[in-house]
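Using UniProt numbering, read the sequence shown as starting at 1 and increasing by one per residue.
Written out below as structure tokens is the structure these notes cover.
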Amino acid sequence: MTANGRDMLQQQVNEDDTGPFALAASKRVAEAVEAKFNARENVFSPFSAEEKTQLLSLFQSIATCLLQRLLCTPPVLHLRSPLLCCGDIHGSFRDLHTVLEQGAPFGHWSLLYAPILLLGDFVDRGPHSVEVILVLFSWALLCPDTVYLVRGNHEDPSVNGNCDLYGDRSFIALAKAFFGDEDGSRFWELTNTVFSFLPVAAVVDDTVFACHGGIPCLTTALASSAADASSTTPLRNSGSADLNESIPTEALFEALLEEEDGGLYRFETVLRKDTDDAHTAMRRRLVRELLWNDPAKQEDGAARHWSLPGPGASPSGSSTGKGSVAFDLHGFRCNRGRNDVSGDIHEFSESALTHFLERFGFALLLRAHQQKDTGVEVVKRRRIITLFSCCDYAYGCSNCAGACLICGGLIRLISWYPRPKSTSLSRFSQRLFGSDSNAPSLNTQQLAECDRRRFRFEEGDSSTREMEAAAERFRQRPLAEAMEYG
1 MTANGRDMLQ
11 QQVNEDDTGP
21 FALAASKRVA
31 EAVEAKFNAR
41 ENVFSPFSAE
51 EKTQLLSLFQ
61 SIATCLLQRL
71 LCTPPVLHLR
81 SPLLCCGDIH
91 GSFRDLHTVL
101 EQGAPFGHWS
111 LLYAPILLLG
121 DFVDRGPHSV
131 EVILVLFSWA
141 LLCPDTVYLV
151 RGNHEDPSVN
161 GNCDLYGDRS
171 FIALAKAFFG
181 DEDGSRFWEL
191 TNTVFSFLPV
201 AAVVDDTVFA
211 CHGGIPCLTT
221 ALASSAADAS
231 STTPLRNSGS
241 ADLNESIPTE
251 ALFEALLEEE
261 DGGLYRFETV
271 LRKDTDDAHT
281 AMRRRLVREL
291 LWNDPAKQED
301 GAARHWSLPG
311 PGASPSGSST
321 GKGSVAFDLH
331 GFRCNRGRND
341 VSGDIHEFSE
351 SALTHFLERF
361 GFALLLRAHQ
371 QKDTGVEVVK
381 RRRIITLFSC
391 CDYAYGCSNC
401 AGACLICGGL
411 IRLISWYPRP
421 KSTSLSRFSQ
431 RLFGSDSNAP
441 SLNTQQLAEC
451 DRRRFRFEEG
461 DSSTREMEAA
471 AERFRQRPLA
481 EAMEYG
């Protein structure tokens with residue numbers, strides 16, 4: 001947490017009327033921002049100076065109340081389906097608008113068909129990071145039981161404050177451009193304070209492990225407790241010249257899964273700090289790898305790869321080989337695809353994934369973190385789904401955005417295009433997301449039956465009775481019951 005952000009939030013934490021006022025503020029902010037957005041043109045009408053001042057004032061109450069709720073939120077969410085899951089938004093208000101507008105009747109926060117899990121990277125690179133945060137935090141506060149936010153690697157001031165790397169599309173630059181230097185810095189600090197308290201992972205139906213990046217490197221070193229740093233061994237053969245951190249233990253990860261108070265796993269930045277003691281360094285590394293790690297794209301030249309058909313190729317952003325680096329005994333290596341040679345972040349092999357899933361009783365890894373041309377990718381024998389929920393990502397790309405719906409043992413993959421296109425929709429996609437001709441077209445396609453536990457990827461033209469029934473139950477609920485979600 002930034003020092004200034006902590007001080008500003010602490011001033012309001014003990015005010016009795018913060019909660020009700022913040023809920024009203026959330027409604028006002030969400031409505032004000034959405035009213036300015038032209039979805040067809042993907043632009044905002046200008047905000048006046050007075051409107052910006054009011055937004056910042058209301059946002060401080062929203063951030064304060066959201067922080068209070070996050071203080072009582074475990075670092076790993078345990079959720080039940082049905083659940084709509086989304087990947088990187090990266091400042092694309094158009095795609096956030098698509099998810100919220102088509103995921104609820106009239107785009108109203110109280111009428112969501114199913115809860116939404118967003119897997120981080122809300123800011124940077126896109127033009128509307130400020131507007132995304134204003135609406136996303138408002139919805140999260142209004143819908144604590146239906147809108148869930150998980151931290152990504154860009155929810156970190158060391159990343160979203162990097163103007164050298166992201167230029168005028170960095171979150172801090174956009175905040176200053178929107179509010180002015182002083183108020184923009186204040187907004188940026190408040191937002192990063194909330195980011196530091198976000199959960200770092202989620203478990204869905206006890207069998208799907210969801211995080212922004214990937215699985216962490218863990219050791220089975222003999223340890224009397226999860227925090228016994230002396231029982232771990234240094235990471236070897238990872239391409240690191242100097243790695244003074246110890247590998248987190250499986251016991252530490254188990255403790256994270258069951259932790260109710262996330263205080264030990266909350267860091268302003270997850271990047272390595274040489275001043276950390278051994279215990280803190282181990283926990284920081286565990287969180288960092290959950291946010292940063294990637295599956296190795298190629299291992300032995302026989303990697304199995306599948307994705308939705310898309311409109312064309314574009315830079316992937318995924319890990320690619322840059323020289324041969326051997327996997328260590330745990331099945332990890334330094335992430336050369338992200339130019340890491342120090343071993344701070346890693347790629348993991350299929351064997352590492354298999355061990356992780358079997359060791360902790362999961363069937364599937366659901367993640368974000370990497371651009372995919374079709375918005376969705378399934379790899380590693382259908383045991384990893386990568387979601388990227390941002391169209392036209394960067395550098396003239398014409399990539400789709402993607403999401404997935406988990407419901408009753410079924411997973412439906414969804415992809416939408418940045419411009420309306422003619423496509424046939426399954427009945428369920430039409431029912432869940434609507435068929436407004438002005439909205440981005442949706443293209444739903446699934447895999448054949450999956451042999452991992454009870455999860456199946458349904459064909460788009462098949463009769464998805466269980467998912468249809470779930471959607472119908474949401475549709476038929478009376479308004480009063482639906483309003484309880486707010």
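Every residue, glycine too, gets a C-beta built ideally from N, C-alpha and C.
Would you call residue i buried or exposed, if buried means 16 or more other Cβ atoms sit within 10 Å of its Cβ?
{"i": "C72", "result": "exposed"}
{"i": "K273", "result": "exposed"}
{"i": "E31", "result": "exposed"}
{"i": "L329", "result": "exposed"}
{"i": "G263", "result": "exposed"}
{"i": "H78", "result": "exposed"}
{"i": "V287", "result": "buried"}
{"i": "D206", "result": "exposed"}
{"i": "G361", "result": "exposed"}
{"i": "L55", "result": "buried"}
{"i": "N339", "result": "exposed"}
{"i": "L165", "result": "exposed"}
{"i": "N38", "result": "exposed"}
{"i": "residue 490", "result": "Because the chain here runs from 1 to 486, residue 490 falls outside it and cannot be looked at."}
{"i": "E50", "result": "exposed"}
{"i": "E41", "result": "exposed"}
Quick one: Cα of residue i to Cα of residue j, how far?
{"i": "L141", "j": "V29", "result": "12 Å"}
{"i": "G460", "j": "C404", "result": "Here G460 scores only 38 on pLDDT, less than 50, and its place in the model should not be relied on; the value that follows carries that caveat. Cα to Cα, the separation comes out at about 13 Å."}
{"i": "G239", "j": "D344", "result": "Residue confidence is low: G239 scores 40 on pLDDT, short of 50, so the model does not pin down where it sits. No coordinate-derived value is stated."}
{"i": "A173", "j": "E182", "result": "12 Å"}
{"i": "C397", "j": "I89", "result": "15 Å"}
{"i": "N335", "j": "L149", "result": "26 Å"}
{"i": "G107", "j": "A24", "result": "18 Å"}
{"i": "K52", "j": "V200", "result": "31 Å"}
{"i": "W139", "j": "P105", "result": "15 Å"}
{"i": "Q102", "j": "K27", "result": "18 Å"}
{"i": "T146", "j": "V99", "result": "13 Å"}
{"i": "A255", "j": "A63", "result": "28 Å"}
{"i": "S61", "j": "L70", "result": "14 Å"}
{"i": "residue 536", "j": "I133", "result": "Since the first and last residues shown for the chain are 1 and 486, residue 536 lies out of range."}
{"i": "A326", "j": "I411", "result": "34 Å"}
{"i": "A126", "j": "V194", "result": "The sequence as given places Gly at residue 126; Ala does not occur at that position. Approximately 20 Å, taken between the alpha carbons."}
{"i": "S81", "j": "L413", "result": "15 Å"}
{"i": "F47", "j": "F21", "result": "23 Å"}
{"i": "H97", "j": "E131", "result": "11 Å"}
{"i": "A448", "j": "L190", "result": "At A448 the pLDDT is 26, less than 50, meaning the model places this residue with poor confidence and gives no usable figure here."}
Is it the case that the Cβ atoms of residue i and residue j are separated by a distance below 9 Å?
{"i": "D95", "j": "S389", "result": "yes"}
{"i": "E347", "j": "A296", "result": "yes"}
{"i": "L198", "j": "R151", "result": "yes"}
{"i": "V203", "j": "C85", "result": "no"}
{"i": "G408", "j": "L290", "result": "no"}
{"i": "R367", "j": "C211", "result": "yes"}
{"i": "F178", "j": "F59", "result": "no"}
{"i": "R383", "j": "A363", "result": "yes"}
{"i": "T249", "j": "T220", "result": "yes"}
Quick test of your reading: residue i and residue j, contact by CB under 8 Å. State the CB separation rounded to the nearest angstrom.
{"i": "T269", "j": "P157", "result": "6 Å"}
{"i": "S351", "j": "G337", "result": "With 8 Å as the limit, S351 and G337 do not qualify as a contact, their Cβ atoms being about 19 Å apart."}
{"i": "I406", "j": "L83", "result": "5 Å"}
Can you find the residues in the same chain that come closer than 6 Å, C-beta to C-beta, to residue i, ignoring five residues on each side of it along the sequence?
{"i": "R186", "result": "none"}
{"i": "V123", "result": "G91, S129, H154, N160 and F171"}
{"i": "H369", "result": "H212 and G213"}
{"i": "D121", "result": "D88, H90, G152 and H154"}
{"i": "L257", "result": "V76"}
{"i": "Q208", "result": "A quick correction: the sequence has Val, not Gln, at residue 208. Once the five neighbours on either side are set aside, the close Cβ partners of V208 are L364 and L366."}
{"i": "K36", "result": "F44 and S45"}
{"i": "K176", "result": "G184"}
{"i": "Y393", "result": "Q371 and N399"}
Closer than 9 Å, CB to CB, is residue i near chain C or not?
{"i": "V208", "result": "Any reference to chain C falls outside this structure, which holds one protein chain only."}
Skipping 5 residues on each side, what residues in its chain have a beta carbon closer than 8 Å to that of residue i?
{"i": "E259", "result": "P74, P75, V76 and Y265"}
{"i": "G19", "result": "C65 and Q68"}
In its own chain, which residues sit with a C-beta less than 7 Å from the C-beta of residue i, not counting the 5 before and 5 after it?
{"i": "F356", "result": "I215"}
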